[in-house]
Amino acid sequence: MSTAAPAADRVEIAELFARLARLLDEGRHEDAPTVYHHDITVRSPRAELHGLDEVTAHLKRSRVAGESTQHVHGDVLVRMDGDRAEATANQVVYFYRDGEPPHRTSGLRVACTTVRTPAGWRIGDMRITLAWTRER
1 MSTAAPAADR VEIAELFARL ARLLDEGRHE DAPTVYHHDI TVRSPRAELH GLDEVTAHLK
61 RSRVAGESTQ HVHGDVLVRM DGDRAEATAN QVVYFYRDGE PPHRTSGLRV ACTTVRTPAG
121 WRIGDMRITL AWTRER
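Note that the sequence shown covers residues 1 to 136 in full-length UniProt numbering.
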């Protein structure tokens, strides 16, 4: 068995985290289907959400006027299982206003189940755990 396909899958799954960060930071909620599966479930300290429509509506409601975010992922690990994979990452989120240093920073642990779809890999289940928060 060639390792090329699993390596390519791992890269695409790891890229989901970067695409998710950009979607969140840029407020491009209409692009949620390019990252999330239509049956997505998200469990976080703030909410438990089911389905793409509910997740997208939550993301839109969560925007704070004048506040921007920068999501940074690291330590991405992917464990393949055919057309499914478990992926985990550490995430740091900076909350700031243009031209100012962050007024809040949070460290999170993110665990996902990803699924292969005809359009590529998508996040089907996401569990977000808050590790710490620092307020300025």
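Glycine residues also receive a C-beta, built at the ideal position from the N, C-alpha and C atoms.
These numbers were taken from a predicted model, which means no experiment stands behind them.
- Judged by DSSP in its simplified three-state form, Ser-44 adopts coil rather than helix or strand.
- Thr-56 has no beta-bridge partner at all, per DSSP.
- Here the C-alpha atom of Trp-121 lies approximately 28 Å from the C-alpha atom of Phe-95.
- Where His-73 is concerned, the enclosing beta strand (DSSP E) starts and stops at 68–81.
- Distance check between His-58 and each of Thr-129, Ile-40 and His-73 places Ile-40 closest, using alpha-carbon atoms only.
- Here the alpha carbons of Ala-8 and Thr-133 stand approximately 34 Å from one another.
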